[in-house]
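To keep things clear, I will list the structure first and then write my remarks on it.
In this note's numbering, the protein residues as written are 1 to 53.
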């Protein structure tokens, strides 16, 4: 699986939009990466939380 930087940015923005409905997300500190190991691909995301809504 290969995502372009624009696709990663779009996915990040959409995830922030969805998560922000339920929790306060520190959008300046979000980390996202696609990891590959053997036959597995995983989206690894770290969304620091400020608190609940």
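From the three backbone atoms N, C-alpha and C, an ideal C-beta is built for every residue, glycine too. These numbers come from a predicted model, not from an experiment.
Keeping to the same chain, check which residues put their C-beta closer than 6 Å to that of residue i; ignore five residues upstream and five downstream.
{"i": "residue 46", "result": "31"}
{"i": "residue 44", "result": "33, 35"}
Only counting the same chain, and skipping five residues up and downstream in sequence, which positions put a Cβ closer than 7 Å to that of residue i?
{"i": "residue 55", "result": "With the chain represented from 1 up to 53, any question about residue 55 goes unanswered, as that position is not in the structure."}
{"i": "residue 42", "result": "35"}
If we ignore side chains and look at the alpha-carbon of each, how far apart do residue i and residue j end up?
{"i": "residue 11", "j": "residue 3", "result": "10 Å"}
{"i": "residue 9", "j": "residue 50", "result": "21 Å"}
{"i": "residue 37", "j": "residue 1", "result": "12 Å"}
{"i": "residue 13", "j": "residue 29", "result": "13 Å"}
Restricting to runs no shorter than 4 residues, where is the alpha helix (DSSP H) found entirely within the segment 1-29? 5-19
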